[in-house]
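Asker: Residue numbers (this note's numbering): 342 to 884. Glycine is no exception: its CB is placed at the ideal position from the N, C-alpha and C atoms. These numbers come from a predicted model, not from an experiment. Can you read through this structure? Questions will come right after.
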Ligand code: NA7
């Protein structure tokens, strides 16, 4: 038996114009756009066994999109818009996978997607302006363009809690949930984490398990989702008005087709303010953020929204000590990603649910039979980590990308990612990122951000093809200026004030902290990208 690594057979060498990594919303659209409209030869690779991207992995009970189905969808095909029917206000993970499969079937995308194939490295040869991509199944693919469509939230963050290996029960991370589900009947379940995922998950675990213990480090705000089936009238109306809905989504800050009230929360008296918040609460979902224009920019305005939600939590939770523990007190509403829920706070009124406030009694270790906090051991059969992701950079750095000088993306970003428009980074020619760090991405309704980025990349590649250009990368100065703009935009909001947020990379120990998404608004961002393209791709260098 040879101990040296097998050299790939020449028959395993494939040459294409573009390799796209990831077969979720972004990868599927990139494939469609580059193949159908530019005529490129494209190979999509995904380590998952199916298409769906984040929705392939996130199958935990309650996994559901927080954007509303009719606009958490592609706008590029009116046929898809007219033929597909969403069943609920918020689509669950099954329905989103069915939708993406419908799109992939319709445009015959599957033939250029290779699943269960993980990229192990990508190396750039500047003599030929080609990327060489190696995979874990022994293939070598050469491509002029490498396009990452790996999502912002794909690398699971499992905290390094001492003793995890000794636990005799089963443990799961929500982002790697078993496809056959987990039978929790009669089980004592511990859930760590109360972000958007944990808040969707807890009511479902409580209903399935004998007992649920929620281990909460930071109390969170949440708005009722008010999920419901979509009526036929609603669907007909949406289908009739899709062009206007899409245009609306493109001209607003967050890519959600609804307007933010053009009024300060401080310009109305307390009765009127309460009425407006009550109405927004009844409407539910992320629309609550639109109640006033300055909730995310003015501390006092934010305080009014935060106080309103705190009062709702106290109303909902019967035990006053539990209510107090569940009431956020260290950050303002929506300065961290605001969850939406279906009976999250009410779950703590159940007899089979208990809350452990980790601020009062931190976790010391995981034992053979549960979790030991500073005051007691909590006996558990199952531990569920709803502890989030190594967001934005984790999945990109895991691709082992090396530029022409042997410089790796990981090293190049050791102090934090440095991109121009979130789409490229200096020193890595012909590498395009879809919704990379420094683009609006998670601060926007994702499909809107994805379509804009894919279309911009396709336009840039067409420009290169038309002009006989072989490589493109941003100048270091352009990237530095963009990082300054990302910081300026963030600092114009209250978002950087939530110091433990994954927007800042603060949820992963040792990760450099900087504000990662672009908070200047999706419409404004799209204008900047277009203006750059119109001005001879200002800040980019072509060869
Ligand atoms: P988040 O929003 O990062 O939430 C993770 C949660 O896990 C949060 O409550 C964390 O507490 C908690 N956490 C993380 N590490 C630990 C440790 N070591 N001990 C205790 N608690 C911990 O991830 P989600 O999956 O909920 O949401 C991510 C996005 O996916 C979501 O916003 C949507 O866009 C989709 P903390 O707040 O850091 O104190």
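For the candidate residues 366, 602, 509, whose alpha-carbon lies nearest to that of residue 494?
Answerer: Per the Cα distances, 366.
Asker: Tell me whether residue 350 sits in a helix, a strand or coil according to DSSP, three-state version.
Answerer: For residue 350, the predicted structure reports a pLDDT of 47, less than 50, and the residue's modelled location is therefore unreliable. The matter cannot be settled from this model.
Asker: Residue 677: which of 780, 848, 820 sits nearest, CA to CA?
Answerer: Among 780, 848, 820, the Cα nearest to that of residue 677 is on 848.
Asker: Below 8 Å between beta carbons: does that hold for residue 466 and residue 473?
Answerer: Taking 8 Å as the Cβ cut-off, residue 466 and residue 473 qualify as a contacting pair.
Asker: Work out the CA separation of residue 550 and residue 350 for me, nearest whole Å.
Answerer: Unreliable positioning characterises residue 350 in this predicted model, as indicated by a pLDDT of 47, which lies under 50. The coordinate reading is nonetheless provided below. Those two C-alpha atoms are separated by around 51 Å.
Asker: Taking the C-alpha atoms as reference points, what is the distance between residue 766 and residue 735?
Answerer: Roughly 16 Å separates the two Cα atoms.
Asker: Round the Cβ separation of residue 897 and residue 595 to the nearest angstrom and send it over; I've been treating them as touching at under 8 Å.
Answerer: Here the chain covers residues 342 to 884 and nothing more, so residue 897 does not appear.
Asker: Where residue 802 and residue 737 are concerned, what is the direct C-alpha to C-alpha distance, given to the nearest angstrom?
Answerer: The straight-line gap from Cα to Cα measures roughly 21 Å.
Asker: Out of curiosity, what's the CA-to-CA distance linking residue 642 and residue 605?
Answerer: About 7 Å.
Asker: Here's the rule: buried if 16 or more other CB atoms are within 10 angstroms of the residue's CB, otherwise exposed. What is residue 519?
Answerer: Looking at its Cβ environment, which holds fewer than 16 other Cβ atoms inside 10 Å, residue 519 is exposed.
Asker: Just the C-alpha distance for residue 697 and residue 713, rounded to the nearest angstrom, thanks.
Answerer: Roughly 11 Å between the two C-alpha positions.
Asker: Note down the Cα distance separating residue 717 from residue 566, rounded to an integer number of angstroms.
Answerer: The alpha-carbon atoms of residue 717 and residue 566 are separated by roughly 35 Å.
Asker: Check whether the Cβ atoms of residue 484 and residue 359 lie closer than 8 Å to each other.
Answerer: Yes, these two residues count as a Cβ contact at 8 Å.
Asker: Taking buried to mean at least 16 other C-beta atoms within 10 Å of its own C-beta, is residue 434 buried or exposed?
Answerer: So residue 434 ends up on the buried side.
Asker: Excluding the five sequence neighbours on either side, which residues of its own chain have a C-beta within less than 6 Å of the C-beta of residue 732, listed in chain order?
Answerer: So the list reads 493, 494, 843, once near-sequence residues are dropped.
Asker: Can you find at least 3 beta carbon pairs, one from the region 437 to 449 and one from the region 557 to 575, that sit closer than 8 Å?
Answerer: Flag = no, the region 437 to 449 and the region 557 to 575 do not touch.
Asker: Rounded to the nearest angstrom, how far is the Cβ of residue 681 from that of residue 668, given a contact under 8 Å?
Answerer: Incorrect: roughly 18 Å between the Cβ atoms, too far for contact.
Asker: Is there at least one non-hydrogen atom of the ligand NA7 closer than 7 Å to the beta-carbon of residue 647?
Answerer: Residue 647 Cβ: outside cutoff for every heavy atom of the ligand NA7.
Asker: Let me check one thing: in DSSP terms, what residues is residue 774 bridge-paired to?
Answerer: Looking at the DSSP assignment, residue 774 forms a beta bridge with 489.
Asker: How about residue 764 and residue 814: do their beta carbons lie closer than 8 Å?
Answerer: No; because the gap between Cβ atoms is not below 8 Å, this pair is not in contact.
Asker: Do the region 410 to 423 and the region 376 to 395 meet, that is, are 3 or more Cβ pairs less than 8 Å apart?
Answerer: Not touching, per the Cβ criterion.
Asker: Under the rule that 16 or more other beta-carbon atoms within 10 Å means buried, what is residue 552, buried or exposed?
Answerer: Counting Cβ neighbours within 10 Å, residue 552 comes out buried, since at least 16 surround it.
Asker: Can residue 444 and residue 542 be called in contact, C-beta distance under 8 Å?
Answerer: No, the pair does not count as a contact, with Cβ atoms beyond the cut-off.
Asker: Throw me the rounded Cβ distance for the residue 853 and residue 861 pair, which I believe falls under 8 Å.
Answerer: That belief does not hold up - the Cβ atoms of residue 853 and residue 861 are roughly 21 Å apart, past 8 Å.
Asker: Express the C-alpha separation of residue 461 and residue 347 in angstroms, rounding to a whole number.
Answerer: Note that residue 347 scores 40 on pLDDT, short of 50, meaning its location in the model is unreliable; the coordinates nonetheless yield the value given after this. So the two alpha carbons sit approximately 14 Å from each other.
Asker: Please classify residue 342 as buried or exposed, where buried requires at least 16 neighbouring CB atoms within 10 angstroms.
Answerer: The predicted position of residue 342 is uncertain, since its pLDDT is 33 and thus under 50; no value can be drawn from it.
Asker: State the DSSP-derived secondary structure class of residue 431, mapped to helix, strand or coil.
Answerer: Reduced to three states, the DSSP call for residue 431 is coil.
Asker: For the region 777 to 793 against the region 753 to 763, are there 3 or more C-beta pairs whose distance is under 8 Å?
Answerer: Yes, since at least three Cβ pairs between the region 777 to 793 and the region 753 to 763 fall closer than 8 Å, the two stretches touch.
Asker: Of the choices 591, 397, 537, whose alpha-carbon is the least far from that of residue 521?
Answerer: Taking only the C-alpha atoms, the option nearest residue 521 is 397.
Asker: Quick check on this structure: which residue in 632, 621, 557, 648 has the alpha carbon closest to the alpha carbon of residue 700?
Answerer: Nearest C-alpha to residue 700: 557.
Asker: Relative to the C-alpha of residue 554, which residue among 562, 563, 534 is closest?
Answerer: Residue 534 is the option with its Cα nearest to residue 554.
Asker: Around the Cβ of residue 755, are there at least 16 other Cβ atoms within 10 angstroms (buried) or fewer (exposed)?
Answerer: Residue 755 is exposed by the Cβ-count criterion.
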